[in-house]
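Enquirer: In terms of the numbering used here, the sequence shown has 94 at position 104, counting the first letter as 1, and numbering is strictly consecutive. Just so it is clear, CB atoms sit at the ideal spot from N, CA and C, and this is done for glycine as well. Predicted model, so just to flag it, every value in this text is computed and none were measured. Below you'll find the structure I mean.
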Amino acid sequence: MKRVMKAFNYSDSYLCNNCDSYHVGFMSRSKIKVLEDISTAGHGAIAARIDGIVYVTFHLTPFADQTGSEISTAQVDSVVESIISKYSDEPLLLMGDTNNPSPLDAARYNETLMCEGDLNYCMDGAINYKPIQHLLDAGLNDLCWYSYSPASSKNSPMSYNMCSDSCSTSIWSPVNGSPSSAKIDYIFGNDKFLEKFGVVHSRVQMNQQTDQASDHYPVELTFTPIL
């Protein structure tokens, strides 16, 4: 972590205290003010205020049965109740590995093939979108579907998703078979964020380096203040 901070000129960092072995955290060039550190959101979740924006990162556990699906949904609801609703009046970004596909991306999936595969995205032969739907119902927006127009000084929803699938990389496939690919890593923004900041681009970073760095590709967001 220290090497990464030095390479990117980060001056502050925080790792969650209430996580399990899958730690989530922040690195920043600005001061990090920790707001929440909770253990009820899967592997853990933290919220911090950095330069006037509330950043939330979390990591949900994957599900393999009905009980697991209910657990994933409960983890999402825990984040909504403990963090999202609490800071709804501030610009907020929520990001992380949800281990769940989104109903907004349903058109990209072949449900039959996905549910016959070895990924735990389905329930009773159908893709389970419930956990992500709860985030959307809480007023969050998948920023891969938004683009900022300087001419109109506002963000507009796109008719297509600008992000490719985030899972899985070649690290996973040779060892664990070749699962169906899916977009299960996100950066969400609330309405207050879209009012104050323009989405320049949101994308999944796919290259030779990221293909070997993790079993998931990273998601990148570039934004600018709306003046």
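Please go through the same chain and pick out, in chain order, the residues whose beta-carbon is closer than 6 angstroms to the beta-carbon of Ser78, but skip the five residues on each side of it.
Expert: none
Enquirer: Nearest to Pro140 by CA position, among Lys173, Val190, Ile117, Asn180, is which residue?
Expert: Of all alpha-carbon atoms in Lys173, Val190, Ile117, Asn180, the one lying nearest the alpha-carbon of Pro140 is that of Val190.
Enquirer: Start and end of the beta strand (DSSP E) containing Ala37?
Expert: First-last of the beta strand (DSSP E) with Ala37: 35 to 40.
Enquirer: Tell me the residue span of the alpha helix (DSSP H) that contains Leu184.
Expert: 181 to 186
Enquirer: Would a C-beta distance cut-off of 7 angstroms place Val46 and Leu5 closer than the cut-off?
Expert: no
Enquirer: Taking only three categories from DSSP, how would you classify Arg193?
Expert: strand
Enquirer: What does the alpha-carbon distance come out to for the pair Glu210 and Met17?
Expert: 14 angstroms
Enquirer: Have a look at Gly240 and Ser1 and give me their C-alpha separation to the nearest angstrom.
Expert: Residue 240 is absent from the model: the chain starts at -9 and stops at 217.
Enquirer: Leaving out the 5 sequence neighbours to the left and right, which residues in its chain are closer than 7 angstroms to Phe213 when beta-carbon positions are compared?
Expert: Sequence-distant Cβ neighbours of Phe213 in its own chain, meaning closer than 7 angstroms and more than five residues away, are Phe187, Gly188, Val189, Val190.
Enquirer: For Arg(-7), I'd like the list of residues in its chain whose CB is within less than 8 angstroms of its CB, leaving aside the five on either flank, ordered along the chain.
Expert: none
Enquirer: Rounded to the nearest angstrom, what separates Asn218 and Asn180 at their Cα positions?
Expert: The chain is shown from -9 up to 217; residue 218 falls before or after that span and cannot be answered.
Enquirer: Let me check one thing: in DSSP terms, what residues is Tyr45 bridge-paired to?
Expert: Tyr45 is bridged to Ala38, Leu83.
Enquirer: Determine, for Asp95, whether the minimum Cβ-Cβ distance to residues of chain C falls below 7 angstroms.
Expert: Absence of chain C from the displayed structure is noted, only one protein chain being present.
Enquirer: At the level of alpha carbons, what is the spacing between Gly115 and Tyr176?
Expert: Computed Cα separation, rounded: 24 angstroms.
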